[in-house]
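Chains as they are written, first to last, in my numbering: chain Z, 891 to 1020; chain V, 24 to 257.
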């Protein structure tokens, strides 16, 4: 099983990195760029078959280490397909929002907007391995 | 009295702190390897500057799990003097010994320069050689020194007088222009409620010798020595 954790700066926290990236994108001519926020993507391969246990443990991992609750929020998905031997997980994999083999959790409860990759037409969540 | 200076992989100001301590009368230095939970009889523990564990994940995030940090937490709980400088301040926030967090400097730049600090608490073990509202000149050297706390925490810090140092101009005026990193309320250093755990971004150990451009930092070390000696005598 693979846990895919996204850690983002809280909305109330200034994100100078995001502002700088936004300026970069705008200077490249992408005038429509309104806001950029930069966070972290962390992948954890888990040696377990229990989804309930994985959810509980990954949530603890986020609280205890992966995210600092003062400045960051987190959300994660569990991908059961990660059990497939030899599969190379990649940060460019989409973060499935729901559906077979995945569990979605976050530090905010419901209402956190999905990443664009979750809903992009090129979503290849079902590809399994490549 | 004895200073215990914690050394993590990636710490870089441990020897700078040690050199200052060696010149102080009545003070000796003991370096504490992060894997060793024994504080070896230290009267004041310094968490020095640097990039512990390469700043991986977040500054100070991994260091707080070192065996030594559990002892430092218990030591602080008993009222022992704990002094976090730069990365040490970040570690204290990550470990929950101080509130808030230190995030990326506004402007994204690593700032390495001299700043002025106005001291707002001259009654602490670390600052009693200073006068209240005294302005000192101290270097900073950090990329993540932007102090952040939620509004409730900030107002609690202010109400309880836990802000020890603020970035100011040379006259002691706390101005936006004097803020090098975007810190809330120009905060450069805070203390816990009990007054025995101090965290500060600027580097007093780098200005404890006139030949290095200033010696204001020496006052903090001398304060800590006197406070520890007094505590030992009582």
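Note that CB positions come from ideal geometry on N, CA and C, so glycine has one too. Predicted, not measured: the structure shown is a model, and the values here were computed from it.
Legend entry - Contact check, residue 226 of chain V vs residue 161 of chain V, beta carbons under 9 Å: Cβ atoms of residue 226 of chain V and residue 161 of chain V: closer than 9 Å.
Inset, instruction - Below 8 Å on the Cβ atoms is my guess for residue 75 of chain V versus residue 152 of chain V; work out the distance and round it to an integer in Å. - result: About 29 Å; that fails the 8 Å criterion.
Inset, instruction - Show which residues of chain V have a CB atom less than 7 Å away from the CB atom of residue 961 of chain Z. - result: Residues of chain V passing the Cβ test: 124, 126, 171.
Inset, instruction - On a CA-only basis, which of V:223, V:234, V:219, V:58 is nearest residue 163 of chain V? Give me that one, please. - result: Relative to the Cα of residue 163 of chain V, the nearest Cα in the group V:223, V:234, V:219, V:58 belongs to V:223.
Legend entry - residue 32 of chain V versus residue 109 of chain V - alpha carbon distance: So the two alpha carbons sit approximately 15 Å from each other.
Inset, instruction - List the residues of chain V that residue 903 of chain Z touches, going by C-beta distances under 8 Å, in chain order. - result: Within chain V, the residues near residue 903 of chain Z are 126, 171.
Legend entry - Sufficient close CB pairs (3 or more, under 8 Å) joining the segment 109-125 of chain V to the segment 955-969 of chain Z: Verdict: yes, contact present.
Inset, instruction - Kindly list the residues whose CB is nearer than 6 Å to the CB of residue 237 of chain V, restricted to its own chain and excluding five residues on each side of it in sequence; keep chain order. - result: If we look at residue 237 of chain V and ignore the five residues flanking it on each side, its Cβ neighbours are 160, 230.
Inset, instruction - On a CA-only basis, which of Z:926, Z:891, Z:914 is nearest residue 901 of chain Z? Give me that one, please. - result: With distances taken between Cα atoms, residue 901 of chain Z lies closest to Z:926.
Legend entry - Closest by C-alpha distance to residue 251 of chain V, when choosing among V:202, V:147, V:213: Among V:202, V:147, V:213, the Cα nearest to that of residue 251 of chain V belongs to V:147.
Inset, instruction - Out of V:127, V:193, V:165, V:206, state which residue places its alpha-carbon closest to the alpha-carbon of residue 177 of chain V. - result: Checked all of V:127, V:193, V:165, V:206; the closest Cα to residue 177 of chain V is V:206.
Inset, instruction - Have a look at residue 82 of chain V and residue 113 of chain V and give me their C-alpha separation to the nearest angstrom. - result: When rounded, the distance between both Cα atoms is 6 Å.
Inset, instruction - Would you mind working out which of V:210, V:38, V:27, V:59 sits nearest residue 144 of chain V, comparing C-alpha positions? - result: Distances from the CA of residue 144 of chain V to each of V:210, V:38, V:27, V:59 were compared; the closest alpha carbon is that of V:210.
Legend entry - Min CB distance residue 24 of chain V to chain Z below 9 Å: Answer no: the Cβ-Cβ gap between residue 24 of chain V and chain Z never drops below 9 Å.
Inset, instruction - Return helix, strand or coil for residue 142 of chain V, following the three-state DSSP convention. - result: Per DSSP, reduced to three states, the secondary structure at residue 142 of chain V is strand.
Legend entry - Counted within 10 angstroms of its Cβ, other Cβ atoms place residue 180 of chain V as buried (16 or more) or exposed: The residue in question, residue 180 of chain V, is buried, as its Cβ has 16 or more Cβ neighbours within 10 Å.
Legend entry - Neighbourhood of residue 202 of chain V by C-beta distance below 6 Å, restricted to the same chain and skipping five residues each side: So the qualifying residues of the chain are 190, 209.
Inset, instruction - Starting from residue 204 of chain V, trace the beta strand (DSSP E) both ways and give me its first and last residue. - result: No beta strand (DSSP E) contains residue 204 of chain V, which DSSP labels as neither H nor E.
Inset, instruction - Taking 9 Å as the cut-off, decide whether the C-beta atoms of residue 171 of chain V and residue 107 of chain V are in contact. - result: Residue 107 of chain V is positioned such that its CB atom lies no closer than 9 Å to that of residue 171 of chain V.
Legend entry - residue 156 of chain V beta carbon less than 9 Å from that of residue 195 of chain V: In this structure, residue 156 of chain V lies closer than 9 Å to residue 195 of chain V by Cβ.
Legend entry - Proximity of residue 215 of chain V and residue 904 of chain Z at Cβ, strictly below 9 Å: Taking 9 Å as the Cβ cut-off, residue 215 of chain V and residue 904 of chain Z do not qualify as a contacting pair.
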